[in-house]
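When the count follows UniProt numbering, it moves up by one through the sequence shown with no breaks and lands on 611 for the last residue.
The C-beta atom is built at its ideal place from N, Cα and C for all residues, glycine as well.
Structure first, then comments.
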Amino acid sequence: MTTPRALSPEALADLRRRYRLERERRVRPDGARQYVGADAEFGYYAADPYAGERARREPLRDRVDVAVVGGGFGGILAGARLREAGVGRVRIVERGGDFGGTWYWNRYPGIHCDVEAHVYLPMLDETGYVPEWKYAPGEEIRRHAVRIAEKFALYDDALFSTAVTSLTWDEPSGTWTVATDRGDAFRATYVITATGTLTELKLPGIPGIEDFQGHTFHTSRWDYAYTGGTPDGGLTGLAGKRVGVVGTGATGVQVIPKLAEDAGHLYVFQRTPSTVDVRDNCRTTARDVGADHDGWARERRDNFLRIVSGEPCEEDLVADRWTSSAVLLEKLLPSFRRRGDRAAFEAAYEAADAVKMNEIRARVERIVTDPDTAEKLKPWYRYACKRPTFSDVYYEAFNRDNVTLVDTADTHGIERMTAHGVVVGGTEYPLDCLIFATGFSVGVSGLHSGRLPVRGRDGVQLLDAWRRHGPRSLHGFTSHGFPNLVRLGAEQSAASVNFTHVLDEHAVHAAALVAAAEAADALVEPSREAEDAWLAVLAEGAPDHAWFHAECTPGYYNREGSGRPNGPHAYPDGAYAFHELLRRWREESVGEVLRPRNRQGTTGADASPDR
Ligand code: NDP
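As C-alpha cells, then:
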C-alpha cells in the first residue's frame, strides 16, 4: 500500500483528536432506539404509492416446486438461475406491485446507482443489454429487473402486492406451507428467501412528529402526486413551497440537488455530513466497456470484485473511486491486512485515509462559496465510517440562494416538530413539506423481523432456535432443522459494495442446491457438525473491528456508535474468496447436505434443531 503525501505524526494526532470530538458530539444514549418504524400510526409512510388498488383474487392452495420470498434482484436472480438449472414451477412472492425490490420502492428524483452500471446490472451477458451511461438511473435499473423477469418467464406464477406471513415445514409431505396476507396457503417443495437488507424504512422519533400539519413522506415512497415531475426532476408541485429534507446520507446526496432546482426554498437538515467524492458520470459505448465477446460483463464484474476484495489484479477495468479507494473500504479483510504486519498496515492505512479525507474536505472548500456552509459540510471521520457517496452537483446546490443548510449536530438532530415546521437550536423553520431521507432499519428485515415466522421440523421457530447462541448455518444458506429452506443474503456469508454480484453468486448456489436435491431425490439440510465447522471458520478469521469503529461517528455501520460493527459474522477473506469456496464446495462436497427422503418425505435425521 503506497502512502501519497503522508501527513506528519502531529497532523495525524490532531485529526484523531478532531474525529474523537466529532464522534462524542454525536453519540446518543438512545442509539438505534431514536428511530421509529413505519408501523401503527406511522404505517401510512410505508404504503405503496406505485401499485394502485390491489386487484382481488382467490387465495391459492396449489403446489409449486420452489417459492421465492422477495422479488428484488435476489429473488429474480434466484428465479432465473433456477430456470437455467431446469427446475419446474417457481413462484416469486413480492410485497411491491412489480419486480425490482430496492429499485421498485426507491424512485426519488435524482436516483442513480453509484456502482458502475456494467458491473451492477446482473445478467448483461444473458440479456444482451449494454447500459449507455457509466452510472445508471434508478428507472433503467428497475426496467432491467423487469427484463430479466420477462426473459426467464418469472411473471408466470408471481404474486405481487402480497406479503408472506409464515413459512411452515410439513414433515409428512416434505413441503413448506407458504401463508400470505392475501389468504394464500400454498405448498412448495423448496423455499428460497431473498428478503433484502435495507427494506424497512425508518423515521426519526422526533417529539411532535405527529403534530406536523404540512405534507410529509419518506424518500422510498416518493409522492409524485404532490411534487409533480419524475425521477429526472421537474418537480413543479414544489414551486413556491418551503420544503425541508432530513438526512444527508447516500439518498439525501442524490435527492437534494433535484429538490433545490424546484423548491421555493429548500432547508437541508443535516446531522452528519457525508463524504461526497467526484462521480464523473459519462456516456459509454459497447467498445468502451469491452462488450464485444461472450462473458464480457462477467469478466468486468469479477475484475471489480477482485480489486475491492484486495485480491491481486493487474488490470482495473472499472477504474473509478470505488476501485481506487478499495483499501480504505475493505481494510478489515485479511486479503488487505496480510500486506505487512498489523501495526505497519494500520499506520499506512491511517495515513492514506487522512490524505483521502483531506482531499474531500478540500473539495468542499473549493466548491462551496459561503465559508460557514462549507465548514458545516466537511466530514470529520474516517472514510467509510459512513457509506461513501459521489456527486458532481451536491456541493454546488448549497451555492443557490434558495437553499439553506441547517446543521443539527449540536442538538443530536432535529429537536422537535410543531404544527407548522421544524425546530433546531430554538429556531422554528416553517415548512409546507418535510421529506425524510432518513434511511432504513438494519437487522430487522425478512426473517429477523419477527413478522415472518419460520417453523421448521417439530414446529421449532427459526428465531427461537437462534435465540440462545445466535444464527447457525452452513455458508449462510441452510440450517439444520429447516430442510429445503435456502436463504440469500449477507448473513454468515459475504457481502460487497456490488451487492447484485453477491446476490447472483448466491442465486447460482441456491439453484445448484435445489437441482442437486432434485437429482438425488433428497432433502437439503446441513448437519449440526457442518454448521459448527462453518461457525468456526467465521469465528477464527473474524477481524478485530474495534480499532476502526472506535473513532467513527454514529450510523448504521456501527450500531449508532456502539463501537461494534453492524451485521453478522461474514466470511473473513471477503466475497471473492467466498465465491471461490462455494464453487469448489459445489464440485466436491454438495453431497454433504443431501439427506435421503424417507417415504413420508422426512430424512430420519435427529429432529431437534435447537441447541
Ligand atoms: P442513511 O441511513 O445512510 O442516512 C440517513 C440520514 O438521516 C443520515 O444523514 C442521518 O444522519 C439522518 N438523520 C437521521 N435521523 C436524523 C435526525 N433526527 N435529525 C437529522 N438527521 C437525521 O440512509 P440513506 O437512505 O441515505 O442510505 C441508506 C443506504 O441505501 C446507503 O447506505 C446505501 O447502502 C443505499 N443507497 C445506495 C445508493 C447507490 O447509489 N448505490 C443510493 C442511495 C442509497 P446521521 O448520519 O447523523 O445519522
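Locate the beta strand (DSSP E) running through V93, then write down its first and last residues.
-> For the purposes of this step, residue 93 is identified with residue 93 of the sequence shown, where counting begins at 1. Its beta strand (DSSP E) spans residues V90 to V93.
Give the range of the beta strand (DSSP E) segment to which L266 is assigned.
-> Numbered from 1 along the sequence shown, position 266 holds the residue referred to as residue 266. That run of the beta strand (DSSP E) goes H265 to Q270.
Is the number of C-beta pairs between the region 416-429 and the region 7-27 that are closer than 8 Å three or more?
-> no
Rounded to a whole number of angstroms, what is the C-alpha to C-alpha distance between Y50 and R143?
-> Translated into positions along the sequence shown, residue 50 becomes position 50. Translated into positions along the sequence shown, residue 143 becomes position 143. Cα to Cα, Y50 sits roughly 14 Å from R143.
Relative to the C-alpha of R28, which residue among N498, A570, P554 and P596 is closest?
-> Residue mapping note: residue 28 aligns to position 28 of the sequence shown, counting from 1. Among N498, A570, P554 and P596, the Cα nearest to that of R28 is on P554.
Reduced DSSP secondary structure (H/G/I, E/B, other) of H569 | For the purposes of this step, residue 569 is taken as the residue at position 569 of the sequence shown. If DSSP states are grouped into helix, strand and coil, H569 belongs with coil.
Under the criterion of a Cβ to heavy atom distance below 7 Å, does K376 qualify as lining the ligand NDP?
-> Residue mapping note: residue 376 aligns to position 376 of the sequence shown, counting from 1. No, the beta carbon of K376 sits no closer than 7 Å to any heavy atom of the ligand NDP.
So the beta strand (DSSP E) L60 belongs to, where does it begin and stop?
-> As a working mapping, residue 60 is identified with position 60 in the sequence shown. That residue, L60, is in no beta strand (DSSP E); it is neither H nor E in DSSP.
Cβ-heavy atom distance, I414 to the ligand NDP, below 7 Å = The residue you call residue 414 lines up with position 414 of the sequence shown. Indeed, a heavy atom of the ligand NDP lies less than 7 Å from the Cβ.
Verify whether the separation of the beta carbon atoms of W133 and T284 is less than 8 Å.
-> Taking the sequence shown and counting its residues from 1, the one referred to as residue 133 is at position 133. Taking the sequence shown and counting its residues from 1, the one referred to as residue 284 is at position 284. Against a cut-off of 8 Å, the Cβ pair of T284 and W133 comes out as a contact.
Look up P335 in the DSSP assignment and say whether it is helix, strand or coil.
-> Within the sequence shown, the letter at position 335 stands for residue 335. A quick correction: the sequence has Ser, not Pro, at residue 335. Helix.
Just checking my contact of residue 630 with Y394 at CB under 8 Å: how many whole Å lie between their CB atoms?
-> The first residue shown for the chain is 1 and the last is 611, placing residue 630 beyond what the model contains.
Beta carbon of C313: closer than 7 Å to some heavy atom of the ligand NDP?
-> On the sequence shown, position 313 is the one that residue 313 refers to. No; taking the cut-off as 7 Å, the Cβ of C313 has no heavy atom of the ligand NDP nearer than that.
Give the secondary structure of L474 by DSSP, where H, G and I count as helix, E and B as strand, and everything else as coil.
-> Within the sequence shown, numbered from 1, the residue matching residue 474 stands at position 474. Looking at L474 - three-state DSSP - the assignment turns out to be strand.
Close-in-space but distant-in-sequence residues of the same chain around L329 (CB under 8 Å, 5 per side omitted) = Residue 329 sits at position 329 when you count from the first residue of the sequence shown. So the list reads V308, W322, Y383, A384, P388 and V497, once near-sequence residues are dropped.
So what's L7 in DSSP terms, helix, strand or just coil?
-> Counting from 1 along the sequence shown, the entry for residue 7 is found at position 7. If DSSP states are grouped into helix, strand and coil, L7 belongs with coil.
Between H112 and the ligand NDP, is the CB less than 7 Å from at least one heavy atom?
-> In the sequence shown, residue 112 corresponds to position 112, counting from 1. Yes.
Within the same chain, show all residues whose beta-carbon is closer than 6 Å to that of K331, passing over the 5 residues directly before and after it, in chain order.
-> In the sequence shown, the residue the question calls residue 331 occupies position 331. These residues qualify, in order along the chain: Y349.
Cut-off 6 Å between Cβ atoms - residues of its own chain near R221, not counting five sequence neighbours on either side | Numbered from its first residue, the sequence shown carries residue 221 at position 221. P49.
Does the count of Cβ pairs from the region 234-242 and the region 470-480 closer than 8 Å reach three?
-> no
Helix, strand or coil: how does DSSP classify Q213 here?
-> The residue labelled residue 213 in the question sits at position 213 within the sequence shown. If DSSP states are grouped into helix, strand and coil, Q213 belongs with coil.
When E540, A530, Y556 and N558 are compared against E592, the one with the closest alpha-carbon = The residue you call residue 592 lines up with position 592 of the sequence shown. Residue A530 is the option with its Cα nearest to E592.
How big is the Cα-Cα spacing for A326 and G310?
-> The residue labelled residue 326 in the question sits at position 326 within the sequence shown. The residue labelled residue 310 in the question sits at position 310 within the sequence shown. Approximately 7 Å, taken between the alpha carbons.
Confirm the yes/no value for this check: CB of G249, any heavy atom of the ligand NDP, distance under 7 Å.
-> On the sequence shown, residue 249 is found 249 positions in, with the first residue counted as 1. Flag set: Cβ of G249 near the ligand NDP.
When the Cα atoms are used, what is the spatial distance from A539 to E560?
-> Position 539 of the sequence shown, counted from the start, is the residue given in the question as residue 539. Position 560 of the sequence shown, counted from the start, is the residue given in the question as residue 560. Taking the straight line joining both Cα atoms gives about 24 Å.
Per-residue DSSP class, three states only, for M1 = The count along the sequence shown starts at 1 and reaches residue 1 at position 1. Per-residue confidence for M1 stands at a pLDDT of 45, beneath the threshold of 50, marking its modelled position as unreliable; no derived number is given.
Anticipated Cβ contact below 8 Å, L434 with F212, distance rounded | What you label residue 434 is simply residue 434 of the sequence shown in a count that begins at 1. What you label residue 212 is simply residue 212 of the sequence shown in a count that begins at 1. Their Cβ separation, rounded to whole angstroms, is 6 Å, which keeps L434 and F212 in contact under 8 Å.
Is the Cβ-Cβ distance between V115 and L124 less than 8 Å?
-> One-based indexing of the sequence shown puts residue 115 at position 115. One-based indexing of the sequence shown puts residue 124 at position 124. Taking 8 Å as the Cβ cut-off, V115 and L124 do not qualify as a contacting pair.
Could you tell me whether the Cβ atoms of H215 and D432 are closer together than 8 Å?
-> Stepping through the sequence shown from its first residue, residue 215 is reached at position 215. Stepping through the sequence shown from its first residue, residue 432 is reached at position 432. Yes.
Could you give the distance in angstroms between the alpha-carbon of L82 and the alpha-carbon of L485?
-> One-based indexing of the sequence shown puts residue 82 at position 82. One-based indexing of the sequence shown puts residue 485 at position 485. Cα to Cα, L82 sits roughly 14 Å from L485.
DSSP state of D407 mapped onto helix, strand, coil | Position 407 of the sequence shown holds residue 407. Strand, per DSSP.
Do V64 and A149 have their CB atoms nearer than 8 Å?
-> Against the sequence shown, residue 64 aligns to sequence position 64. Against the sequence shown, residue 149 aligns to sequence position 149. The answer is no: Cβ separation not under 8 Å.
Going by the CB atoms, is the gap between R56 and A163 shorter than 8 Å?
-> Walking along the sequence shown from the start, residue 163 turns up at place 163. Walking along the sequence shown from the start, residue 56 turns up at place 56. No. Outside cutoff.
Within the region 137-182, ranges of the beta strand (DSSP E) (whole runs, at least 3 residues) = 164-170 and 175-180
Which residue's Cα is closest to the Cα of K241: A263, V69, T251 and V36?
-> Here residue 241 corresponds to residue number 241 of the sequence shown, with the count starting at 1. Out of A263, V69, T251 and V36, A263 has the C-alpha closest to the C-alpha of K241.
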